[in-house]
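In what follows, a single structure is set out as structure tokens and then discussed.
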Amino acid sequence: MVKTIAQAGLAVNENLVIKRNRITNPNMGLTGKKRVCIVTGTHGDELEGQYVCAKLAGYLSENSSALDGIVDIYPALNPLGIDSITRGIPMFDLDMNRIFPGTSEGTMAECIAADIISDIKGADICIDIHSSNIYLKEIPQVRINEISADELVPYAKMLNIDYIWVHSAATVLESTLAYSLNELGTKTLVVEMGVGMRITKEYCDQLFDGILNLLKNVGVWNGKTKPVREPILSTDHDVDFINSSAAGIFVPCVDHWVDIEKGAHIGDVLDPATGRVEEYVTAPCAGKIFTLREFPVVYGGSLIARILGGKNNA
Amino acid sequence: MRKCTLYSIESPYREPLDVLGYKFGSGEKSICVVGAMRGNEVQQMYVCSQIIKELQRIESYGRIADGCEIMVVPCVNYYSMNIGKRFWTMDNTDINRMFPGYSLGETTQRIADGLFEQLRGYKFGIQFASFYQPGDFLTHVKLMHTGFTDPEKMRDFGLPYAFVREPRPYDTTTLNYNWQIWETNAFSFFLNSTDNIDERSAVDAVDSVIRFMTRQGIIKGSGKGGYLTEIISEKDVVQIHSNIAGIYIPKVNAGDRFSKGDQLCEIFDPMEGEVISQVKAPFDGIVFFRYNRPLEFENSVIFKLIRR
Chain C
0 MVKTIAQAGL AVNENLVIKR NRITNPNMGL TGKKRVCIVT GTHGDELEGQ
50 YVCAKLAGYL SENSSALDGI VDIYPALNPL GIDSITRGIP MFDLDMNRIF
100 PGTSEGTMAE CIAADIISDI KGADICIDIH SSNIYLKEIP QVRINEISAD
150 ELVPYAKMLN IDYIWVHSAA TVLESTLAYS LNELGTKTLV VEMGVGMRIT
200 KEYCDQLFDG ILNLLKNVGV WNGKTKPVRE PILSTDHDVD FINSSAAGIF
250 VPCVDHWVDI EKGAHIGDVL DPATGRVEEY VTAPCAGKIF TLREFPVVYG
300 GSLIARILGG KNNA
Chain A
0 MRKCTLYSIE SPYREPLDVL GYKFGSGEKS ICVVGAMRGN EVQQMYVCSQ
50 IIKELQRIES YGRIADGCEI MVVPCVNYYS MNIGKRFWTM DNTDINRMFP
100 GYSLGETTQR IADGLFEQLR GYKFGIQFAS FYQPGDFLTH VKLMHTGFTD
150 PEKMRDFGLP YAFVREPRPY DTTTLNYNWQ IWETNAFSFF LNSTDNIDER
200 SAVDAVDSVI RFMTRQGIIK GSGKGGYLTE IISEKDVVQI HSNIAGIYIP
250 KVNAGDRFSK GDQLCEIFDP MEGEVISQVK APFDGIVFFR YNRPLEFENS
300 VIFKLIRR
């Protein structure tokens, strides 16, 4: 059942509407049942989650007799952003994932954020699906704040992703949806995958299988599932960043998520006017490229790749 | 006056971005003033340019105190200013959310790092900031209360109001916050406009900054004039939200005094032209902030009012 969970009037003849689709087994009561929330569309230029939600909503609705709990799907937390290919909230120039938990006393965006939190909190699990931005392509991964790692890593492993990145705590991230929900006791996993403004069907299908697996493991789904892959955990490996040293266009000569040796040629930064190679980019370590630049224009400092290195000694 | 390049970065398609600093006097790093960090902060840049002009005059009279160095950075992100964007040209990130910066990080992290290297170590720091929501402020100075900078120092600007605000998580990557972490007494100076030049307000802002420098002994002189500043905090400011969306016509300006029951704005149905809401003042007070765009959403903060 699709329901409006937050709403605010726009200036001319329109409302900003945040919707939720609740999918349940119509032949079963809901008392005492677990609830899992699938959330996406906080950043308007991240569209991978749109397909995951569509596929999940269609499949679960058709097979609702196998549900033993509640699945709430929130396909677009920032509908105006998605509609206008705007990362933030249009008119506010504001990153929506920096205003949580919001407040009913605040601006329109903060009121909406508070309504979203209010609707999700109390769920057993929340999966917040992000794409990468338009600049970088990411393999399917879950990112977890180190303060929640013990609790969340077991659930992340159910999601059929390739990689779990446990990152250090940063104060600025306390304004995210995931942090706010975890603070309120709703276990929330942040998925990152693919690239901005695109749908990578292969990755979406992979995550779809993972979500069904998680639903089964927490007792919300009795239907079919597929075996899931064992993700690599960042805490067991070194992560190296490659940032451009020159300005120009980056042209890669390796594929995403492949094994490379230390010193391997990753690509070139070229001067488009002269064709001169401004930077010959090589791998600082052996490992797998899990982030690769998609948008070609680079400045000094632009992220080109991240490499998951060998086993660390930690 | 010495003009120097504080940080430079190459671009694939444009001339290098050279962040310029203007230094006056020599000796202890006494005060640093930073203007436009974002591409729409035109008034902030303009005020800094006028401060530079005034400091040149003051320097020519030998009135910079011995052993004191002043630096003014009028514009950091002129790349965005030249193409009409608020944030960084390519990835839309905000340089003022990247401090203290990271020399091996993304482009705006590197700019922040290179810049902060130069801005660090001053005894006082003033940043001409802007609010994320479009609107006009009563010109004031704001302190992000980290416990380092003494709020009483804000009285030396001689503005009618000074504002103390508790930092939020997203503030921890701003210049103001990091200045204080690195032991600079830091203030954010909010002007009444951002995208447009207001000459009268700019003159007042320049006077206020020069007064502050004088009262710290950085510029020789009496440092007289100005207001007896009232220091306020978030609890003293009442936000007024619109109860309905539509075309918004304000009836008061930032800085105006009003009485309880005075009309603050009207909201019109954008299709049929009827007045659909009139917002009345809930008490006697002063307009601290006024939203200034013609279209407004339901629940928008359209005014911030100080009780009188």
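First to last, the sequence lines map onto chains C and A.
Going letter by letter, the first sequence gives residues 0 to 313 in numbering that gives the first Met the number 0.
Going letter by letter, the second sequence gives residues 0 to 307 in numbering that gives the first Met the number 0.
Glycine residues also receive a C-beta, built at the ideal position from the N, C-alpha and C atoms.
Chain-order list of residues whose beta-carbon lies under 8 angstroms from that of residue i (same chain, five-residue window excluded)
i      : result
A/D135 : N191, S192, N252, A253, F288, R289, N291
C/I265 : I241, P251, C252, V253, I259, V280, T281, A282, I288, I303, A304
C/P295 : I248, F249, V250
C/V297 : S243, A245, A246, G247, I248, F249, V268, I303
A/V41  : A35, M80, T193, D194, N195, I196
A/I243 : I266, I275, S276, E297
A/D170 : M143, Y176
C/I17  : T3, I4, A5, Q6, Y73, A75, L76, P78, I111, D114, I115
Short Cβ contact (9 angstroms threshold) for residue i with residue j
i      : j      : result
A/Y6   : A/I110 : yes
A/W181 : A/G113 : no
C/G209 : C/L158 : yes
A/F115 : A/G100 : yes
A/N175 : A/A128 : yes
A/L35  : A/M80  : Residue identity check: residue 35 of chain A is Ala in the sequence provided, not Leu. In this structure, A/M80 lies closer than 9 angstroms to A/A35 by Cβ.
C/V219 : C/K33  : yes
A/E265 : A/K250 : yes
C/A10  : A/F296 : yes
C/I116 : C/G105 : no
A/R164 : A/H144 : yes
C/R228 : C/D161 : yes
C/I133 : C/D44  : yes
C/D123 : C/A5   : no
A/R37  : A/I94  : yes
A/I51  : A/M0   : yes
C/D92  : A/F189 : no
C/L59  : C/V152 : no
A/P166 : A/I230 : no
C/E47  : C/T187 : no
Close-in-space but distant-in-sequence residues of the same chain around residue i (CB under 6 angstroms, 5 per side omitted)
i      : result
A/D178 : Correcting the residue type first, residue 178 of chain A is Trp in the shown sequence and not Asp. Same-chain partners within the cutoff: G124, A185.
A/G26  : G66, C67, E68
A/K303 : V236, Q238, F287, F288
A/P269 : G245, I246
A/R210 : G157, G222, G225
A/C3   : G20
C/T102 : E109, A113
C/N62  : G222
C/G308 : H236, D237, D239, C284, G286
C/G300 : N242
A/D17  : T4, S7
A/S187 : Q126, A128, K141, N175
Residue i at chain D interface by Cβ criterion, 9 angstroms
i      : result
A/Y169 : The structure shown contains no chain D; its protein chains are C and A.
Classification of residue i by the beta-carbon crowding that lies within 10 angstroms, buried from 16 upward
i      : result
A/F23  : buried
A/Q262 : exposed
C/N316 : Residue 316 of chain C is absent from the structure shown; chain C starts at 0 and stops at 313.
C/G274 : exposed
C/S130 : buried
C/L29  : exposed
C/K225 : exposed
A/I248 : exposed
C/M95  : buried
C/K156 : buried
A/V300 : buried
C/T290 : buried
A/Y12  : exposed
C/G262 : exposed
C/N212 : buried
Sequence-distant residues of its chain with Cβ nearer than 7 angstroms to residue i (five each side left out)
i      : result
C/A272 : none
C/P89  : L79, G80, S83
* Mind the definition here: the region 50-59 of chain C touches the region 31-40 of chain C only if three or more C-beta pairs lie below 8 angstroms; say whether that holds. => yes
* Write down every uninterrupted run of the beta strand (DSSP E) in the region 185-238 of chain A whose length is 3 residues or greater and which is fully enclosed by it, in chain order. => 229-232
* Should the region 140-159 of chain C be called in touch with the region 61-72 of chain C, which here means at least 3 C-beta pairs below 8 angstroms? -> no
* Identify every run of the beta strand (DSSP E) within the region 7-78 of chain A, keeping only runs that are complete inside it and at least 3 residues long; order them along the chain. => 16-23, 27-35, 67-74
* Please confirm if the region 221-233 of chain A is in contact with the region 139-158 of chain A, defined as three or more CB-CB distances below 8 angstroms between the two stretches. => yes
* When the Cβ atoms of the region 109-129 of chain C are set against those of the region 168-183 of chain C, are three or more pairs found closer than 8 angstroms? -> yes
* Evaluate the contact criterion for the region 183-200 of chain C versus the region 130-145 of chain C: three or more CB pairs, one atom per stretch, below 8 angstroms. => yes
* Mind listing, in chain order, the continuous alpha helix (DSSP H) runs of no fewer than 4 residues lying wholly within the region 48-127 of chain C? => 78-82, 107-119
* Entirely within the region 188-247 of chain C and at least 3 residues each: give me those beta strand (DSSP E) ranges in chain order. => 236-242
* Whole runs of the beta strand (DSSP E) within the region 104-145 of chain A, excluding any shorter than 3 residues -> 123-128, 134-136, 139-143
* Counting only runs of 3+ residues fully inside the region 239-300 of chain A, write out the beta strand (DSSP E) ranges in chain order. => 245-249, 262-267, 274-279, 284-290
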